[in-house]
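Engineer: Got a structure here, written out as structure tokens. Questions coming.
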Amino acid sequence: MENFGKIVVCGVGLIGGSFALALKKAGCVGRVVGMGRNRATLEEALRLGLIDEIGDDWGSALKDADLVMLGMPVGQMPGVMADLAPHLGLGTLVTDGGSTKADVVAAARAAFGNKIGQFIPGHPIAGAEKSGPSAAQADLYQDRRVVLTPLPENTPTAVAKVRHAWQACGARVTELTAEAHDRVFAAVSHLPHLLAYALVHDIAERDNAAQLFDFAAGGFRDFTRIASSHPEMWRDICLANRQALLQELDAYMAQLLRLRVLLAGSDGPGLESLFDTARQARDAWLAGLTPLVEE
Numbered sequence: 000m001e002n003f004g005k006i007v008v009c010g011v012g013l014i015g016g017s018f019a020l021a022l023k024k025a026g027c028v029g030r031v032v033g034m035g036r037n038r039a040t041l042e043e044a045l046r047l048g049l050i051d052e053i054g055d056d057w058g059s060a061l062k063d064a065d066l067v068m069l070g071m072p073v074g075q076m077p078g079v080m081a082d083l084a085p086h087l088g089l090g091t092l093v094t095d096g097g098s099t100k101a102d103v104v105a106a107a108r109a110a111f112g113n114k115i116g117q118f119i120p121g122h123p124i125a126g127a128e129k130s131g132p133s134a135a136q137a138d139l140y141q142d143r144r145v146v147l148t149p150l151p152e153n154t155p156t157a158v159a160k161v162r163h164a165w166q167a168c169g170a171r172v173t174e175l176t177a178e179a180h181d182r183v184f185a186a187v188s189h190l191p192h193l194l195a196y197a198l199v200h201d202i203a204e205r206d207n208a209a210q211l212f213d214f215a216a217g218g219f220r221d222f223t224r225i226a227s228s229h230p231e232m233w234r235d236i237c238l239a240n241r242q243a244l245l246q247e248l249d250a251y252m253a254q255l256l257r258l259r260v261l262l263a264g265s266d267g268p269g270l271e272s273l274f275d276t277a278r279q280a281r282d283a284w285l286a287g288l289t290p291l292v293e294e
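Quick note on numbering: the sequence shown equals residues 0 to 294 in numbering that gives the first Met the number 0.
Encoded structure:
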């Protein structure tokens with residue numbers, strides 16, 4: 000499949016910036032135009048070589064563009080989509096890197112109208128706790144999974160072009176419906192982030208927080224690493240997927256209550272059995288990963 004002559008990346012931080020760098024490294028893009036709400040961030044991305052120029056407005060940025068990548072937090076997407084939609088030509092596809100999909104699809108339908116077939120939703124399952132242009136990595140998507148949630152209005156050719164872009168970044172591309180995507184990631188991504196934030200917040204509010212943090216070691220660091228993630232982004236994700244996330248939180252609270260009953264009853268065999276089942280499940284999961292652990 001042909002390469003991309005020009006792409007537009009809106010949101011030039013970890014997700015969007017890494018997408019641009021990966022395509023540049025693969026030699027699959029001629030020119031990258033950066034768009035965003037913060038001029039200083041765009042100038043940093045330009046200095047770092049993530050983008051080749053800064054777009055001043057959507058009309059000029061989208062001229063002759065093959066693909067637009069929306070890399071901002073999901074809460075910002077409705078406004079951005081509404082701004083770009085009037086300038087979207089028939090030859091330009093749009094995709095995104097949002098961690099929720101049903102809300103993004105709804106926003107796209109509202110903004111794009113009869114151009115909705117040009118929007119192919121996506122979600123790269125590759126992140127880091129750092130954000131901004133300096134966090135971008137050319138190999139961020141190498142051997143990581145990217146989930147596309149195509150719409151009925153998408154043509155096979157349009158989906159194939161977006162798939163090609165992610166594969167050029169080194170990603171393994173799969174497909175789900177938007178609804179299935181949000182249920183899955185409420186359990187294995189959104190809930191873990193919620194729990195990590197909650198634990199750090201709990202420790203930080205205690206009178207002896209300094210002492211507790213001073214003695215915290217590898218287990219605490221590993222469990223809470225993702226609490227260093229971008230607060231605005233995760234606020235938007237949690238709110239956008241709140242129904243599925245509430246169901247997962249309720250299920251987890253039931254599991255905690257089960258543990259509390261075992262602990263209060265000094266039920267050693269019960270605790271050991273639960274721990275062993277969890278260990279076996281995690282070991283089997285790790286054994287099936289290739290070759291990087293996904294986040």
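Backbone N, C-alpha and C fix where the C-beta goes; we use that ideal spot for every residue, glycine too.
Taking the alpha-carbon of Ala125 as reference, which of Leu261, Gly218, Gly70 has the nearest alpha-carbon?
Structural biologist: Here residue 125 is taken as the residue at index 126 of the sequence shown, counted from 1. Closest by alpha carbon: Gly70.
Engineer: What would DSSP say about His86, mapped onto helix, strand or coil?
Structural biologist: As a working note, residue 86 is residue 87 in the sequence shown. Helix, per DSSP.
Engineer: From the DSSP output, in three-state form, read off His200 for me.
Structural biologist: The residue you call residue 200 lines up with position 201 of the sequence shown. Assigned with DSSP and collapsed to three states, His200 falls in helix.
Engineer: Give me the Cα-Cα distance between Pro120 and Phe18, rounded to the nearest whole angstrom.
Structural biologist: The residue given as residue 120 occupies position 121 in the sequence shown. The residue given as residue 18 occupies position 19 in the sequence shown. Spanning the two alpha carbons is a distance of roughly 15 Å.
Engineer: In this structure, what does DSSP give as the bridge partners for Glu178?
Structural biologist: In the sequence shown, the residue the question calls residue 178 occupies position 179. For Glu178, which the question treats as bridged, DSSP gives no partner whatsoever.
Engineer: In whole angstroms, what is the alpha-carbon distance linking Met80 and Ala107?
Structural biologist: Taking the sequence shown and counting its residues from 1, the one referred to as residue 80 is at position 81. Taking the sequence shown and counting its residues from 1, the one referred to as residue 107 is at position 108. C-alpha separation (whole angstroms): 7 Å.
Engineer: Excluding five sequence neighbours on each side, which residues of the same chain lie with their C-beta closer than 6 Å to the C-beta of Val199?
Structural biologist: Numbered from 1 along the sequence shown, position 200 holds the residue referred to as residue 199. Hits under 6 Å: Thr223, Ala226.
Engineer: Does the beta-carbon of Ser130 have 16 or more other beta-carbons within 10 angstroms, so that it is buried, or is it exposed?
Structural biologist: Translated into the one-based positions of the sequence shown, residue 130 becomes position 131. Ser130 is buried by the Cβ-count criterion.
Engineer: Taking Cβ to Cβ, would you say Ala21 is nearer than 8 Å to Tyr140?
Structural biologist: As a first step, residue 21 is located in the sequence shown; it is residue number 22 there, counting from the start. As a first step, residue 140 is located in the sequence shown; it is residue number 141 there, counting from the start. The answer is yes: Cβ separation under 8 Å.
Engineer: Hey, quick one: how far does the beta strand (DSSP E) through Ala71 stretch, first residue to last?
Structural biologist: On the sequence shown, position 72 is the one that residue 71 refers to. According to the sequence shown, residue 71 is Met rather than Ala. It is not in any beta strand (DSSP E) - Met71 carries neither H nor E in the DSSP assignment.
Engineer: With a threshold of 8 Å on Cβ separation, who are the neighbours of Gly29 within its own chain once the five nearest residues in sequence on each side are excluded?
Structural biologist: Walking along the sequence shown from the start, residue 29 turns up at place 30. Closer than 8 Å at Cβ, skipping near neighbours: Asn2, Phe3, Gly4, Lys5.
Engineer: Leaving aside the five residues before and after Ser265 along the sequence, list all residues of the same chain whose C-beta is less than 8 Å from its C-beta, in chain order.
Structural biologist: Counting from one through the sequence shown, the residue named residue 265 turns up at place 266. No residues qualify anywhere along the chain.
Engineer: Give every residue of the same chain whose Cβ lies closer than 8 Å to the Cβ of Thr117, excluding the five residues on either side of it in the sequence, and list them in chain order.
Structural biologist: Walking along the sequence shown from the start, residue 117 turns up at place 118. It should be pointed out that residue 117 corresponds to Gln in this sequence rather than to Thr. Hits under 8 Å: Leu87, Leu89, Thr91, Leu92, Val93, Phe111, Ala157.
Engineer: Which word fits Met149, buried or exposed, when buried means at least 16 other C-beta atoms lie within 10 angstroms of its C-beta?
Structural biologist: What you label residue 149 is simply residue 150 of the sequence shown in a count that begins at 1. With the sequence shown as reference, residue 149 is identified as Pro, and Met is not the correct amino acid for it. That one is buried.
Engineer: I'd like the list of long-range same chain contacts for His192, defined as Cβ closer than 7 Å, with 5 residues on each side in sequence excluded.
Structural biologist: Here the question's residue 192 lines up with position 193 in the sequence shown. Contacts found: Ile225, Ser228, Trp233.
Engineer: Strictly by DSSP, which residues pair up with Gly121?
Structural biologist: Translated into the one-based positions of the sequence shown, residue 121 becomes position 122. Paired residues: Leu147.
Engineer: Can you tell me where the beta strand (DSSP E) holding Arg205 begins and where it ends?
Structural biologist: Residue 205 sits at position 206 when you count from the first residue of the sequence shown. Element bounds for Arg205: n/a, residue is neither H nor E.
Engineer: So for Leu291, helix, strand or coil by DSSP?
Structural biologist: As a working mapping, residue 291 is identified with position 292 in the sequence shown. Below a pLDDT of 50, predicted positions are generally treated as unreliable, and Leu291, at 43, falls in that range; the measurement from the model is reported next regardless. Leu291: coil per DSSP, three-state reduction.
Engineer: Does the beta carbon of Ala25 come closer than 8 Å to any beta carbon on chain C?
Structural biologist: As a matter of chain content, chain C is missing from the structure shown, which is built from one protein chain.
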